[in-house]
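Participant: Encoded as structure tokens, here's the structure I'll be asking about.
In my numbering, the protein residues as written are 13 to 428.
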């Protein structure tokens, strides 16, 4: 059974646009499944559509010789310079990053056949590596990133429609009190423990979940390593493990270089690959006062908590974990990335270590700030006075695993 992904309506809305549609994201997030769904959708509405995979060596060999050779495998659309075509011809390409020069390939087809030809292509992590995808497609493409499952999608994958509906009500109605809060929290704990890779979400067996995550690390991430020409695979995985233990903390490249015994340039390369492979996100600081506020070091987060927990070797229940605050903070970052670009999400920290976890859209309106606490019962409100005084125009709210009844109402809180 196909489970609708929240990004699909956005992609469908773009189907009739002239620009090509590119779907990228980490391996095993469901890009091929989405592409095959789009194929059926396009055919259902009466358009011609072809599906082709660049994992086929015979196809790859021919298109690397000449982009026109693609039409040895699929029907050729009419040339718009000479013939009109009543309906757009759709070509869906899976794993386009395997082309020797995907940018030139797509540019040629766009310039020769658009608007009669519309390409929808998927590209995994290495799509952006080795400078294969250059700026020559500027204005000719729109990129959609398919991430691992959101919590809402996770509930649908678990066939929990009632809990999904309940979650929608909780988020839309501030005063709504759910009678299914316990069941919802059980699912949430599962989600932030084992993450949102679709294959992981499909099974309830803990051992199988861990086996699938190991397969993603040992097979699929290894392909990222090989295709990005990482020389020392062991050091790369060691860096991932170190980062998993530093979730939500400042990233000090010099300390990483020293502890892993690799030079700064290698650290930078590994971090670049991890970001371009959609495994981590680095959040930079927000500042206006160069002397008093942190301006350089970013904070690191993982884009999937199951992978993060695998790397740090901890699948215990969040409520008994020492890193439960970091786990919750990482989840909030993942949720923010569903709505905002990573460069719209900042954090704030002063030289004397006053800190706010997230500041969203700080230079635009509306902006807001979030502080993440597993529990609000021990919250020290005075520690946030400096931010409130310095940036009165940015409302500060608190996110917690549960909202404690003992707060006196002066704290503006958000239900998770």
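Positions of the beta carbon are idealized from the N, C-alpha and C atoms, including for glycine.
1) Quick check on this structure: which residue in 413, 386, 334, 371 has the alpha carbon closest to the alpha carbon of residue 404?
2) What number of angstroms, rounded off, separates the C-alpha of residue 327 from the C-alpha of residue 206?
3) Which value, in whole angstroms, describes the spacing of the CA atoms of residue 353 and residue 37?
4) Specify the secondary structure class of residue 169 as computed by DSSP and reduced to three states.
5) Let's test the definition: count the other Cβ atoms within 10 Å of the Cβ of residue 291 and tell me whether it reaches 16, buried, or not, exposed.
6) Determine the burial state of residue 321: buried for a count of at least 16 other Cβ atoms within 10 Å of its Cβ, exposed for fewer.
7) Tell me which same chain residues have a C-beta within less than 6 Å of the C-beta of residue 373, skipping the five on either side of it?
8) From 264, 274, 262, pick the residue whose C-alpha is nearest to that of residue 249; which is it?
9) Quick check: what's the CA-CA separation for residue 35 versus residue 105?
10) Which parts of the region 268-317 are runs of the beta strand (DSSP E), unbroken and 3 residues or longer, counting only runs that do not cross its ends?
11) With 16 other CB atoms within 10 Å as the buried threshold, where does residue 364 fall?
12) Look up residue 154 in the DSSP assignment and give the residues it is bridged to.
13) Just to confirm, are residue 72 and residue 63 a CB contact at a threshold of 9 Å?
14) Could you tell me which uninterrupted beta strand (DSSP E) segments, each at least 3 residues in length, are contained entirely in the region 340-373, listed from first to last along the chain?
15) Classify residue 253: buried if its beta carbon has 16 or more other beta carbons within 10 angstroms, exposed otherwise.
16) I'd like to know whether the C-beta atoms of residue 174 and residue 192 end up nearer to each other than 9 Å.
17) Taking the alpha-carbon positions, what's the residue 203 to residue 280 distance?
18) Just to confirm, is the Cβ distance from residue 450 to residue 18 under 9 Å?
19) Roughly how far, in whole angstroms, is the beta-carbon of residue 14 from the beta-carbon of residue 75, given that I think they are within contact range, below 8 Å?
20) Taking DSSP as the reference, what is the three-state secondary structure of residue 55?
21) With respect to the alpha helix (DSSP H) encompassing residue 115, which residues constitute its N-terminal and C-terminal limits?
22) Alpha helix (DSSP H) containing residue 188: first to last residue?
23) What are the partner residues of residue 131, as DSSP defines its beta bridges?
24) So, with DSSP's three-state summary, where would you put residue 416?
Facilitator: According to the structure shown:
1) As a first step, residue 404 must be located in the chain shown, where it is residue number 392. Ranking 413, 386, 334, 371 by Cα distance to residue 404 puts 371 first.
2) Mapped onto the chain shown, residue 327 falls at position 315. Mapped onto the chain shown, residue 206 falls at position 194. If I take the Cα positions, the gap works out to 7 Å.
3) Taking the first residue of the chain shown as position 1, residue 353 is located at position 341. Taking the first residue of the chain shown as position 1, residue 37 is located at position 25. Taking the straight line from one Cα to the other gives about 14 Å.
4) Taking the chain shown and counting its residues from 1, one reaches residue 169 at position 157. Three-state DSSP puts residue 169 in a helix.
5) Within the chain shown, numbered from 1, the residue matching residue 291 stands at position 279. Buried is the call here.
6) Numbered from 1 along the chain shown, position 309 holds the residue referred to as residue 321. Its Cβ being crowded by 16 or more others within 10 Å, residue 321 is buried.
7) As a working note, residue 373 is residue 361 in the chain shown. Around residue 373: 356, 379.
8) What you label residue 249 is simply residue 237 of the chain shown in a count that begins at 1. When only C-alpha atoms are compared, the closest one is 274.
9) In the chain shown, the residue the question calls residue 35 occupies position 23. In the chain shown, the residue the question calls residue 105 occupies position 93. Going from the Cα of residue 35 to the Cα of residue 105 covers about 10 Å.
10) If we require 3 residues or more, the beta strand (DSSP E) runs fully inside the region 268-317 come out as 292-295, 311-314.
11) Against the chain shown, residue 364 aligns to sequence position 352. Residue 364 counts as exposed, since fewer than 16 other C-beta atoms from the protein chains shown sit within 10 angstroms of its C-beta.
12) Working through the chain shown from its first residue, we reach residue 154 at position 142. Residue pairing for residue 154: DSSP places it in a beta bridge opposite 33.
13) As a first step, residue 72 must be located in the chain shown, where it is residue number 60. As a first step, residue 63 must be located in the chain shown, where it is residue number 51. Not closer than 9 Å, so no.
14) Runs of the beta strand (DSSP E) lying entirely within the region 340-373, each at least 3 residues long, are 357-361, 367-372 in chain order.
15) Here residue 253 is taken as the residue at index 241 of the chain shown, counted from 1. Exposed, by the Cβ-count rule.
16) Here residue 174 refers to the residue found at position 162 when the chain shown is read from its first residue. Here residue 192 refers to the residue found at position 180 when the chain shown is read from its first residue. Yes, these two residues count as a Cβ contact at 9 Å.
17) Stepping through the chain shown from its first residue, residue 203 is reached at position 191. Stepping through the chain shown from its first residue, residue 280 is reached at position 268. If you take the alpha carbons of residue 203 and residue 280, they lie about 30 Å apart.
18) The displayed coordinates of the chain run from 13 to 428. Any statement about residue 450 would go beyond what the structure contains.
19) In the chain shown, residue 14 corresponds to position 2, counting from 1. In the chain shown, residue 75 corresponds to position 63, counting from 1. The pair is not a contact, with the Cβ atoms about 29 Å apart (cut-off 8 Å).
20) To locate residue 55, count along the chain shown from 1; it is residue 43. It is helical.
21) Taking the first residue of the chain shown as 1, we reach residue 115 at position 103. Element bounds for residue 115: 114-125.
22) For the purposes of this step, residue 188 is taken as the residue at position 176 of the chain shown. Where residue 188 is concerned, there is no enclosing alpha helix (DSSP H), given that its DSSP letter is neither H nor E.
23) Sequence index remark: in the chain shown, residue 131 carries index 119 (1-based). In the DSSP output, where bridge partners are listed per residue, residue 131 has 103.
24) On the chain shown, position 404 is the one that residue 416 refers to. Because the pLDDT at residue 416 is just 42, under 50, the model does not fix this residue reliably, and the value given afterwards should be weighed accordingly. Residue state, collapsed to three classes: coil.
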